[in-house]
Amino acid sequence: MIMNKIKIIPFEKPIYITRPLLPDKEEVYRKIDEIWNSKWLTNLGYQHQEFEIALKECLGVPNISLFCNGTLALQLACQALRLSGEVITTPFTFAATPHVLYWNRITPVFSDIDPYTFNLDPDRIEGMITPNTTAILPVHVFGYPCNIDRIQEIADRYGLRVIYDAAHSFGVEVNGEKIGNFGDIAMFSFHATKIYHTIEGGALTFRNSTLIERLSFAKNFGFKDEENIVVPGINAKMNELQAAIGLLMLKVVNKEIEKRKMLTSIYRKRLKSIKGIEFRDDMPKVKHNYYNFVVTINEEKFGMSRDDLYKRLKGYNIYTRKYFYPLCSQFQCYRHYPSSSPKNLPVAEKISKKVLSFPLYGDLQIEDIHKICNIVQEATI
Ligand SMILES: Cc1ncc(COP(=O)(O)O)c(C=O)c1O
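Position one of the sequence shown corresponds to residue 197 (the working numbering), numbered consecutively onward.
Written as structure tokens, this is what we have:
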């Protein structure tokens, strides 16, 4: 029997991979009034002070330091911990992760990933440690937590520091513990593409309170007071408008996470019967944030490659993203490192060629997800 294909009409307006969550506009205007009246625009003003307290409470952490973006936050985290030599990290991440090491004159050493979580595989880390290794920089990729216990155990055994790149992990909890409480320092990105954002922005969370002073010097040109510049610091401060947006976003982010959870469940229900499309479920004892929805395409079973599905969806005005492809280890600036050899990174190489992030944001309509899934389904027929 020949099945008649129903003609699916492309979306009139593009469906992007994400759309930023926005706070109430009237409330933003009121915040702008407050800032204008105070005439304090940056340098740890009222909004910054209030935001720091509120965010610390929300993230459930003992100490926090706010930054103008996540990249500079991570860069200064490495300096605050006096890292040098080599740091073990994942190739399956955004460019900023290895770049902050490079900017600190540290060599990123790429280690392979776990095929389920897409995070550093603890079984591979030890083999990458040398006398020059000072730390491990794992990423909770797409908000799926790393194997925290194993990584800490390895770090303790070799006397290494752990900095978590938690850029994707706002709101995530593991065994009832908030994700910012693991490792020596955790970095959150508040870039507009993240589930929670301050347009641009970032934060470091940590248990060791002596880092507060070090980080505050580092992000403000090294100023201790008006006349004492104690380190060659940089300018990485969060300004008052960013902090004000952050305060307002705290009111709306939980609802956004709930909406994305519901939309994720629709994707999962619709795609689970399609051969060759694989995706992860929630992990046990983890509170997820549903930051994005990622599938891997098994070309043989699905009958179409990841790249062809990407192009096909684009033809319908749907913008998926190949996150993370290419691997950081394949960037021109890093591909000559011995650890970048594909032989060292077989799982990451495989996953990066199969992975595709689908559109996901709170305002995405349920019928849009059904239409996206119909197009995927039709590709297999
Ligand atoms: C894993 C990861 N690390 C670091 C960053 C850098 O953060 P920012 O854009 O806030 O500088 C990002 C994304 O933007 C990211 O996805």
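Even for Gly, the Cβ is constructed at its ideal location relative to N, Cα and C. Since we're looking at a predicted model, the values are computed, not measured.
Residues that residue i bridges to, as DSSP identifies them
| i | result |
| --- | --- |
| M383 | D361 and L400 |
| F489 | F554 |
| I262 | Position check: residue 262 holds Leu in this sequence, whereas Ile was assumed. Beta-bridge pairing links L262 to A399. |
| R517 | S553 |
| K374 | E369 |
| F527 | According to DSSP, which records beta bridges pairwise, F527 is partnered with nothing at all. |
| F419 | I425 |
| V283 | P304 and A331 |
| N239 | Note: N239 sits in no beta bridge, so no partner. |
| N431 | N416 |
| I591 | Residue 591 lies beyond the stretch modelled for the chain, which goes from 197 to 577, so this question has no answer here. |
Exposure label - residue i; buried when at least 16 CB within 10 Å
| i | result |
| --- | --- |
| K390 | buried |
| E208 | exposed |
| E563 | exposed |
| C274 | buried |
| I260 | buried |
| H566 | exposed |
| I302 | buried |
| C529 | exposed |
| E454 | exposed |
| R456 | buried |
| E322 | exposed |
| I202 | exposed |
| K415 | buried |
| N424 | exposed |
| G585 | Outside the displayed range of the chain (197 to 577) lies residue 585, so it cannot be described from this structure. |
| S469 | exposed |
| S405 | exposed |
| T516 | buried |
| N450 | exposed |
Any non-hydrogen atom of ligand 3 within 6 Å of residue i CB
| i | result |
| --- | --- |
| I571 | Among the ligands in the structure shown, ligand 3 does not appear; only ligand 1 can be found there. |
Distance CB(residue i)-CB(residue j) smaller than 7 Å
| i | j | result |
| --- | --- | --- |
| I493 | R502 | yes |
| A432 | F263 | yes |
| G376 | V257 | yes |
| R152 | A276 | Only positions 197 to 577 of the chain appear in the structure, and residue 152 is not among them; the question remains open. |
| V426 | F417 | no |
| L356 | A331 | yes |
| S234 | Y225 | no |
| H393 | S365 | no |
| R466 | C342 | no |
| M500 | A382 | no |
| I204 | I571 | yes |
| P555 | I211 | yes |
| P304 | T285 | yes |
| T401 | L297 | no |
| F288 | F475 | no |
| D361 | T293 | yes |
| L251 | E452 | no |
| D317 | I309 | yes |
Inter-residue spacing [alpha-carbon to alpha-carbon] between residue i and residue j
| i | j | result |
| --- | --- | --- |
| L509 | F338 | 22 Å |
| S525 | S536 | 5 Å |
| G398 | P428 | 21 Å |
| I359 | L272 | 11 Å |
| Y557 | L459 | 8 Å |
| M434 | T238 | 7 Å |
| D478 | Y487 | 12 Å |
| I198 | A544 | The predicted model places I198 with a pLDDT of 47, which falls under 50 and marks its position as unreliable; any figure quoted below should be read in that light. Cα to Cα, the separation comes out at about 40 Å. |
| R353 | E282 | 17 Å |
| L560 | N328 | 47 Å |
| T313 | L333 | 16 Å |
| P219 | E496 | 44 Å |
| T214 | E422 | 43 Å |
| K507 | W232 | 47 Å |
| F384 | G266 | 6 Å |
| L279 | L505 | 42 Å |
| K518 | L552 | 5 Å |
| M445 | E369 | 19 Å |
| K539 | G472 | 25 Å |
| E223 | E248 | 19 Å |
| I350 | A440 | 40 Å |
| K227 | K374 | 29 Å |
| L443 | E246 | 8 Å |
| E396 | K221 | 18 Å |
| F419 | I430 | 10 Å |
| P534 | Y340 | 28 Å |
| D345 | A363 | 20 Å |
| E436 | E253 | 19 Å |
| V490 | P480 | 18 Å |
| S307 | Q348 | 16 Å |
| F527 | P542 | 16 Å |
Residue i at chain D interface by Cβ criterion, 7 Å
| i | result |
| --- | --- |
| V224 | This model lacks chain D altogether, as it is built from one protein chain only. |
Could you give the uninterrupted runs of the beta strand (DSSP E) lying entirely in the stretch 309-356, keeping only those of 3 residues or more? 329-333
Quick one: which unbroken beta strand (DSSP E) runs of 3-plus residues sit fully inside the stretch 447-509? Chain order, please. 473-475 and 489-493
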